[in-house]
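>
Chains as they are written, first to last, in the working numbering: chain A, 1 to 431; chain B, 1 to 69.
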């Protein structure tokens, strides 16, 4: 499920519902101002972590927010002046709300304060996350592994941003939280990457490295099983909304955070979440670990936009680049250059290009199929697709486009690495 | 003026029932929620604090508050 922080829409937070409201813990919130939505928001943030509290607001002389259990010592005190300074007084106060209802704090500041209070309460009740699962490409490092190399992000200064993010993760790990890497790359490529680059995180920092092309939910499930943790103990971070939603569908009890567009905001997001408690013992051994929902293609396909068109000369470089980088989903592993490209066209081959979007995420030109018609047959000469879009139905779309009831002749050649296309062709009965 | 009239005035429609969950009612935002409380206070000469009504997930709960139940 999507994990909401104070940066999310206030109405979305207020609509958080719990499946398990039982035996609420009664707490008191002391403050000397009208508190607006703060008590409700605190309750909602706590509900996300299955902590049901009933927060009674009580006005007294305190200018800070003090949380206590009824008749007992305080759990936490939130000092307001540094928060107002951090937030900027022009953002912390709202004249509109003050004039309307006597509440002087803006909605954003109410969310922010409520979130801070909720984190303190959750940590007090040991309700932090025990495992963070992170994506690799464009999440941990500044680019996408194209099997043998990295295609770098063009964002200026981004290397530093990824370094800061890794450093923050390392600190969290030092505090006893398990790190898991879930990446749709081959294990060999990941090992090569960590050997080549002097990252802040080392592979040994991860409790598990799951580098394969299976659903990330299944990989995470295996990790949680091994550690005897519940899905509710874990949070999954990814820059791809497709992966986030796939996790939400398959494994709804796992909290998910879609990373912001800019990697410069990644590290501060982790500080915002700040909900990582120390794993002290295996006290949760008796908890049941729920399995991911066994779904196939449950992601709404209408959100995936696969555009297929005949290639034009402006696409030539991308065609050659992808042909030479793609190994796992490549029909024959043949490396191609400009001469090959010209030769294919001169021999009458047609080249279809697939471009993929998932909602507003543009994956670009990620698949090519080279074919020609010979009387009643279609000869498929080359066919390669980027591993980033393997689950998007691109291969199927390309075949639908060319087949039209004709017999297919596939120029398939097994290589050391093209097991994914082999699996696809076998499943479709094409080889 | 009745409570229903207050709600209709702020929300811009009257597509709701007493057992309606406020989250499911069109235009029931956090800001309009405050406006509703302020207007109820004004029309019925009450002194409900916006924080008093937290947890009012249904219209009936707000009616109960107004009626002092």
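We put the CB at the ideal spot given by N, CA and C, even for glycine.
Of the residues A/344, A/95, A/307, A/302, which one's Cα is nearest the Cα of residue 316 of chain A?
It is A/344 whose Cα lies nearest to the Cα of residue 316 of chain A.
> For the stretch 24-51 of chain B, which residues have a beta carbon sitting closer than 8 Å to at least one beta carbon of chain A?
Listed by position, the residues of the stretch 24-51 of chain B near chain A (Cβ gap below 8 Å) are 29, 30, 31, 34, 35, 37, 38, 49, 50, 51.
> Applying the criterion that 16 or more other CB atoms from any shown protein chain within 10 Å of the CB defines a buried residue, is residue 436 of chain A buried or exposed?
Outside the shown range of chain A, which is 1 to 431, sits residue 436 of chain A, and nothing can be said about it.
> Between residue 17 of chain A and residue 395 of chain A, what straight-line distance do the alpha-carbon atoms span, to the nearest angstrom?
Taking the straight line from one Cα to the other gives about 40 Å.
> If you measure beta-carbon to beta-carbon, which residues of the stretch 80-102 of chain A are closer than 9 Å to chain B?
Residues 96, 97, 100, 101, 102.
> Which residues share a DSSP beta bridge with residue 9 of chain A?
Paired residue(s): none; residue 9 of chain A is not in a bridge.
> So the candidates are A/364, A/38, A/163, A/398; which of them puts its Cα closest to the Cα of residue 109 of chain A?
Residue 109 of chain A has its Cα closest to that of A/38, out of A/364, A/38, A/163, A/398.
> What does residue 15 of chain A reach in chain B if we use C-beta pairs closer than 8 Å?
Result: 23.
> Give me the subset of the stretch 24-45 of chain A whose CB atoms are less than 7 Å from a CB atom of chain B, sorted by chain position.
Listed by position along the chain: 34, 35, 36, 37, 39, 40.
> Report the rounded CA-to-CA distance for residue 221 of chain A versus residue 98 of chain A, giving the unit in angstroms.
Distance between the alpha carbons of residue 221 of chain A and residue 98 of chain A: 48 Å.
> Please check if any C-beta of chain B sits within less than 9 Å of the C-beta of residue 67 of chain A.
No, residue 67 of chain A lies away from the interface with chain B (no Cβ there is under 9 Å from its Cβ).
> Thinking C-beta only, is residue 45 of chain A closer than 9 Å to residue 13 of chain A?
It is a contact, given that the beta carbons lie within the stated cut-off.
> Under a CB-based cut-off of 9 Å, is residue 11 of chain A close to chain B?
Yes, because at least one Cβ of chain B sits closer than 9 Å to the Cβ of residue 11 of chain A.
> Counting only C-beta atoms, is residue 107 of chain A closer than 9 Å to chain B at any point?
It does; some Cβ of chain B falls within 9 Å.
> Against chain D, with Cβ distances strictly below 9 Å, would residue 48 of chain A count as a contact?
Although the question refers to chain D, the structure presented lacks it and instead comprises the protein chains A and B.
> Identify whether residue 312 of chain A lies in helix, strand or coil by the three-state DSSP scheme.
Looking at residue 312 of chain A - three-state DSSP - the assignment turns out to be coil, as it is neither helix nor strand.
> Could you pull the start and end residues of the beta strand (DSSP E) that residue 384 of chain A belongs to?
Note, residue 384 of chain A: beta strand (DSSP E), 377-385.
> Going by CA-CA distance only, name the one from B/31, B/57, B/18 that's closest to residue 11 of chain B.
For the residues B/31, B/57, B/18, the minimum Cα distance to residue 11 of chain B belongs to B/31.
> Are there 16 or more other CB atoms within 10 angstroms of the CB of residue 136 of chain A, so buried, or fewer, so exposed?
Classification of residue 136 of chain A: buried, given that the 10 Å Cβ count is 16 or more.
> How many Å lie between residue 327 of chain A and residue 2 of chain A at the Cα?
Cα-Cα distance, rounded: 34 Å.
> Confirm, please, whether the CB-CB distance from residue 322 of chain A to residue 372 of chain A is below 9 Å.
Not a contact, by the Cβ cut-off of 9 Å.
> Tell me the DSSP secondary structure of residue 160 of chain A in three-state form.
In the structure shown, residue 160 of chain A sits in a helix (DSSP, three-state: H, G or I).
> Restricting to Cα atoms, I'd like to know which of A/329, A/356, A/54, A/426 is closest to residue 23 of chain A.
Nearest of A/329, A/356, A/54, A/426 to residue 23 of chain A, Cα basis: A/54.
> Pairing CB atoms from the stretch 184-199 of chain A with CB atoms from the stretch 137-153 of chain A, are three or more of them under 8 Å?
Yes, the stretch 184-199 of chain A is in contact with the stretch 137-153 of chain A.
> For the 8 Å Cβ check, are there 3 or more pairs between the stretch 376-386 of chain A and the stretch 329-341 of chain A?
Judged by Cβ distances under 8 Å, the stretch 376-386 of chain A makes contact with the stretch 329-341 of chain A, as three or more pairs qualify.
> Rounded to whole angstroms, what is the Cα-Cα separation between residue 400 of chain A and residue 356 of chain A?
The alpha-carbon atoms of residue 400 of chain A and residue 356 of chain A are separated by roughly 16 Å.
> With contact counted as at least three CB pairs below 8 Å, one residue from each stretch, are the stretch 107-126 of chain A and the stretch 165-182 of chain A in contact?
No: the two stretches stay apart, fewer than three of their Cβ pairs being nearer than 8 Å.
> Starting from residue 113 of chain A, trace the alpha helix (DSSP H) in both directions and tell me its first and last residue.
Per DSSP, residue 113 of chain A belongs to the alpha helix (DSSP H) from 107-124.
> Work out the CA separation of residue 201 of chain A and residue 288 of chain A for me, nearest whole Å.
With a pLDDT of only 42 at residue 288 of chain A, under the threshold of 50, the placement of this residue in the model should not be trusted, and no figure is reported.
> Can you pull the DSSP bridge partners for residue 330 of chain A?
Partner(s): A/384.
> Based on the DSSP output, what are the partners of residue 264 of chain A in its beta bridges?
Answer is none; residue 264 of chain A lacks a bridge partner.
> Touch check for the stretch 236-249 of chain A and the stretch 87-102 of chain A: three-plus C-beta pairs under 8 Å?
The stretch 236-249 of chain A, when compared against the stretch 87-102 of chain A, does not touch it at the 8 Å Cβ threshold.
> Can you check DSSP and say which residues form a bridge with residue 255 of chain A?
DSSP output for residue 255 of chain A lists A/235 as bridge partner(s).
> Please report how far the alpha carbon of residue 66 of chain A lies from the alpha carbon of residue 149 of chain A, in whole angstroms.
Cα to Cα, the separation comes out at about 53 Å.
> Considering residue 341 of chain A, what are the terminal residues of the alpha helix (DSSP H) in which it resides?
Here the alpha helix (DSSP H) through residue 341 of chain A covers 338-346.
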